[in-house]
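A.B. asks: Before I ask anything, let me first share the structure, which is written out below as structure tokens.
2 protein chains.
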Amino acid sequence: MTKSGVPVVGMAGGGQLARMTQQAAIGLGVSLRVLAGSPDDSAAKVVSDVRVGDDRSLDDLVAFAEGCDVVTFDHEHVPGPNIRKLESSGVPCRPGAAALAHAQDKLVMRERLTAMGVPCPDYVHLHRSAPLAMLETFASKHGFPLVLKAARGGYDGKGVWVLDALDRAAVELVHELLAGDVDLMVEEHVGFTRELAALVARSPYGQGAAYPIVETVQEGGICTEVISPAPGLSKDTAVEAQHLALTVAAELDVVGLLAVELFETERGLIVNELAMRPHNSGHWTIEGARTSQFEQHLRAVLDLPLGSTEPTARYTVMANVLGGDDPDVHSRYFHVMAHDPAVKVHLYGKESRPGRKIGHVTALGDDLADLRERARHAADYLRWGTAMSEREERR
Amino acid sequence: MTKSGVPVVGMAGGGQLARMTQQAAIGLGVSLRVLAGSPDDSAAKVVSDVRVGDDRSLDDLVAFAEGCDVVTFDHEHVPGPNIRKLESSGVPCRPGAAALAHAQDKLVMRERLTAMGVPCPDYVHLHRSAPLAMLETFASKHGFPLVLKAARGGYDGKGVWVLDALDRAAVELVHELLAGDVDLMVEEHVGFTRELAALVARSPYGQGAAYPIVETVQEGGICTEVISPAPGLSKDTAVEAQHLALTVAAELDVVGLLAVELFETERGLIVNELAMRPHNSGHWTIEGARTSQFEQHLRAVLDLPLGSTEPTARYTVMANVLGGDDPDVHSRYFHVMAHDPAVKVHLYGKESRPGRKIGHVTALGDDLADLRERARHAADYLRWGTAMSEREERR
């Protein structure tokens, strides 16, 4: 806390999640400190209290935490043992190391959720002694395709491979990954209708708050679009998904946000992944909910009463802006803003590279088809300098 | 512009308007640079690119503007001659010195608006040669009370005095002010039903955008509450007010925001004051309009297409949070947030002093009486640690 009673929240990681948290921190009058890898990081460009360092280094983390009322995270890559050391030195870390382990390691997550009775894909840890034999046994049960996953370090489709057969390429991949000291697991390939996400917040006091369940649309392992609420989702399923996420948050003692990525399948909801931070599937809340996920995360980690998750419009559609060939995104603002004065554009101040998430756009209103078209148009135009429909016409 | 094509907007002044502009700049991916008097200024605490200096000094202003694509202002106190020098050196200043003069000097404003045929209170400049004789002549025409104003430098009721008679105290006040090198004017005391404000934006391209007309409630010269839209205002009067503000913006060549403070009277709308920047009467737009006034100001000064001014709720009520006796505002968050999870709190990171504007709260919805009660409760509680109604009960 500063001398004037203003709480100081330290966030390890300088990505766009920390950047958007700064917008919420400014509103609440909370002081946000960021541990960034470089002064050019997305959040480092917009925060006055930046510490440049390596968030995997204990020394840098400890120096960063000095004077923070609470430490939180914009990603899962801070080593658990370092967080535990910080905790035992008396610095509140939210979420704590014990909870965060379930978002850092897919094996830890699967074991715990399965033990809790939460529906997950069937999976097996590929022991180093006999990985291929284990894979073969698992395949004989489920058939191909199967999903090979690195237990740690993946994001945006990285660290996940779909295997269509145990062919030479698959064998080489497994050997290569194990040589790289990666723990591997294999999961059944779940046939899903669509992907959903449940976003909830939990405070140390134990208060929980659930946002509407959203549909997430992925292309090539990257989320491209989020629709809130998930169209046509039955009320029962929505409540079930919210309940599931709140239960997981409470059981795992999560503090802050918890995003649960779900498959909607013929046999019900199945958990795909967990994240314990503001999440791409919740960017729509900046305009689309009374309390944004970023403000909610700050309220939760500061043990303040949580804010209303009430939607501000019937539908909100968020589309991610990916980098295209021409990095000068700002020159494309003119068309996008003139074409649609009501679409909200968010850019992350990140260098544009093809396929990289560099921003998002949000459209809100009553007509879902119109909103999807508008969000897509804006996101496509910011990426390519032309709308996708026009690109297709030219072909 | 930075190497990556990111526009750099320089804002002279480090107050809460620059602070809230930073929230919008983060969203747009625009780089905001602030010229602040101190690193402890409201905006300086939340902006990475802060230049500490005196915004009345030409040297500091010139150094600050180096590398900015455009310079704009969070107050009216940058001397016109300095802005003109900056302009002639090729730095776009928006609004420009010629326009800004009308917000800096009430005499310049009254002369121009009256010449344009815009309804203003009757007024006269008190010449230094015979100020009291002029005042007496003006009083014989309008009777008392009259309003004495310093032509420059006033805000929040400062620089404005209501004279009930030309008594000894009034004579002394006039002499004292004139000795202090202040230009004085006197205006008729307009009997108004209520106060309104018209907020519009204008871009260099000439595009204009008008927000709904709001009612502003003042106590002791300080705005305490803003209601959008002004309840019960006829559509004709609302359109007239918007038209008036857009006309003034165009005639005066304003770029950026223009707030026109209006009296609603039996003889129609009468202009009270002008401001050419984000304005307290527009804070409600952060949640209550599709495009906040802060984003709109950035879009206008960057000559981007303006955003939709569509309201996001039927009614939005904003109440200013003034400093009370106990400066530890954050300790009062618990009650306010638990009591009303949907009220939005904004604190400016300013040291709390009795009566000082240190934040605001916003409530949105359908039931105006409920929204006013909720906004008032939150603002009162943040100020006093108790709701005003409870304070009154205890008396």
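Line by line, the protein sequences give chains A and B. The opening position of the first sequence corresponds to residue 288 in the numbering used here, with each subsequent residue numbered one higher. The opening position of the second sequence corresponds to residue 288 in the numbering used here, with each subsequent residue numbered one higher. From the three backbone atoms N, C-alpha and C, an ideal C-beta is built for every residue, glycine too. Computed from a predicted model, the values in this text were never measured in an experiment.
List the residues of chain B that A/M403 touches, going by C-beta distances under 8 Å, in chain order.
C.D. replies: The premise fails here: A/M403 is roughly 29 Å from chain B at the closest Cβ pair, so nothing lies under 8 Å.
A.B. asks: Does any C-beta atom of chain A lie closer than 7 Å to the C-beta of B/G672?
C.D. replies: Cβ-Cβ to chain A under 7 Å: no for B/G672.
A.B. asks: Once you ignore the five residues that flank A/L345 on each side, which residues in its own chain have a CB closer than 7 Å to its CB?
C.D. replies: N369, K372, listed in sequence order.
A.B. asks: What is the DSSP secondary structure of A/F581, counted as helix, strand or coil?
C.D. replies: Reduced to three states, the DSSP call for A/F581 is helix.
A.B. asks: With B/H686 as the anchor, note down where its beta strand (DSSP E) starts and where it stops.
C.D. replies: The requested residue 686 of chain B does not occur in the structure, where chain B is confined to residues 288 to 682.
A.B. asks: Under 8 Å Cβ-Cβ, which residues of chain B neighbour A/K332?
C.D. replies: The answer, in chain order, is S318, S335.
A.B. asks: For B/S579, which residues from the same chain have a beta carbon less than 7 Å from its beta carbon, with the 5 sequence-adjacent residues on both sides left out?
C.D. replies: Cβ neighbours of B/S579 beyond the five flanking positions: A311, T572, I573.
A.B. asks: If the criterion is Cβ atoms closer than 7 Å, does the pair B/T503 and B/E482 meet it?
C.D. replies: Their beta carbons are under 7 Å apart, which means B/T503 touches B/E482 by this criterion.
A.B. asks: What's the gap between the Cα of A/L520 and the Cα of A/G555?
C.D. replies: One C-alpha to the other measures close to 12 Å.
A.B. asks: Are A/L435 and A/L450 closer than 7 Å when you measure CB to CB?
C.D. replies: Yes; because the gap between Cβ atoms is below 7 Å, this pair is in contact.
A.B. asks: Taking Cβ positions only, does B/L304 come closer than 7 Å to chain A?
C.D. replies: By this cut-off, B/L304 is not an interface position.
A.B. asks: Taking 7 Å as the CB-CB cut-off, is B/Y492 touching chain A?
C.D. replies: No, its Cβ sits nowhere closer than 7 Å to a Cβ of chain A.
A.B. asks: Can you give me the Cβ contacts of A/G478 inside the same chain, cut-off strictly under 7 Å, excluding the 5 residues immediately before and after it?
C.D. replies: For A/G478, where only same-chain residues beyond five positions count, the Cβ hits under 7 Å are T552.
A.B. asks: Is B/H362 helix, strand or coil when you go by DSSP?
C.D. replies: Coil at B/H362, not helix or strand.
A.B. asks: How is the beta strand (DSSP E) around B/K332 delimited, first residue to last?
C.D. replies: Segment: none, B/K332 is in no beta strand (DSSP E) and carries neither H nor E.
A.B. asks: To be precise: take each residue of the region 468-485 of chain B, compare its Cβ to all Cβ atoms of chain A, and keep it if any distance is under 7 Å. Which residues remain?
C.D. replies: So the list is empty, because no residue satisfies the distance condition.
A.B. asks: Could you tell me if B/Y635 is buried or exposed, where buried requires 16 or more neighbouring beta carbons within 10 angstroms of its beta carbon?
C.D. replies: Answer is buried; the Cβ neighbour count reaches 16.
A.B. asks: In chain order, what residues of the same chain have a beta carbon less than 6 Å from the beta carbon of A/R338, not counting five sequence neighbours either side?
C.D. replies: So the list reads L322, F351, once near-sequence residues are dropped.
A.B. asks: Check whether the region 577-595 of chain B and the region 606-623 of chain B touch, using three or more Cβ-Cβ pairs below 8 Å as the test.
C.D. replies: No: the two stretches stay apart, fewer than three of their Cβ pairs being nearer than 8 Å.
A.B. asks: So, under 8 Å CB-CB, B/A390 and B/E363 are touching, yes? Tell me the CB distance rounded to an integer number of Å.
C.D. replies: Between B/E363 and B/A390 the Cβ distance is about 5 Å, and since that is below 8 Å, they are a contact.
A.B. asks: What separation, rounded to the nearest whole angstrom, lies between the Cα atoms of B/A650 and B/A576?
C.D. replies: Using only the alpha carbons, I get a separation of about 13 Å.
A.B. asks: Would A/V378 and A/V358 qualify as a contact pair, given that the criterion is a beta-carbon distance under 7 Å?
C.D. replies: Yes. Within cutoff.
A.B. asks: For B/L634 and chain A, any beta-carbon pair shorter than 7 Å?
C.D. replies: So yes, B/L634 belongs to the interface.
A.B. asks: Got a sec: is the Cβ-Cβ distance from B/Q310 to anything in chain A below 7 Å?
C.D. replies: Taking Cβ atoms only, chain A reaches closer than 7 Å to B/Q310, which makes this a yes.
A.B. asks: Can you name the residues of chain B whose CB is closer than 8 Å to the CB of A/G687?
C.D. replies: Limits of chain A in this structure are 288 at one end and 682 at the other, which puts residue 687 of chain A out of reach.
A.B. asks: Since I believe B/V365 is in contact with B/R397 (beta carbons under 8 Å), could you give me their beta-carbon distance rounded to a whole number of angstroms?
C.D. replies: B/R397 to B/V365, Cβ: 21 Å. No contact.
A.B. asks: Would you mind telling me which residues of chain B sit closer than 9 Å to A/P592, beta carbon to beta carbon, in chain order?
C.D. replies: Chain B residues near A/P592: Y620, F621, H622, V623, M624, A625, H626, P628.
A.B. asks: Within 10 angstroms of the Cβ of B/Y492, are there 16 or more other Cβ atoms? Answer buried if so, exposed if not.
C.D. replies: B/Y492 should be labelled exposed.
A.B. asks: Less than 7 Å between C-beta atoms, sequence neighbours within five positions excluded: which residues of the same chain meet that for B/Q309?
C.D. replies: Answer for B/Q309: L319, A330, V333, V334, listed in chain order.
A.B. asks: Compare the C-beta of B/S595 against all C-beta atoms of chain A and say whether one is closer than 7 Å.
C.D. replies: True, the Cβ-Cβ gap to chain A drops below 7 Å.
A.B. asks: Relative to chain B, which residues along the region 558-586 of chain A have a C-beta separation below 9 Å, given in chain order?
C.D. replies: Going along the region 558-586 of chain A in chain order, one finds I573, E574, R577, T578, E582, R586 with a Cβ nearer than 9 Å to chain B.
A.B. asks: Whether or not the region 417-432 of chain A and the region 451-466 of chain A are in contact is what I'm after, with contact meaning three or more pairs of Cβ atoms, one per stretch, closer than 8 Å; do they touch?
C.D. replies: The answer is yes - the region 417-432 of chain A touches the region 451-466 of chain A, with three or more Cβ pairs under 8 Å.
A.B. asks: Pull the bridge partners of A/S515 from the DSSP assignment, please.
C.D. replies: Bridge partners of A/S515: A/T603.
A.B. asks: Answer yes or no: do A/L315 and B/M624 have a C-beta to C-beta separation smaller than 7 Å?
C.D. replies: No, the Cβ-Cβ distance between A/L315 and B/M624 is not below 7 Å.
A.B. asks: So with Cβ pairs under 7 Å, would you call A/T599 a contact of chain B?
C.D. replies: Closer than 7 Å: yes.
A.B. asks: Please give me, in chain order, every unbroken run of the alpha helix (DSSP H) with length at least 4 that falls completely inside the region 370-419 of chain B.
C.D. replies: Correct list: 384-391, 393-403.
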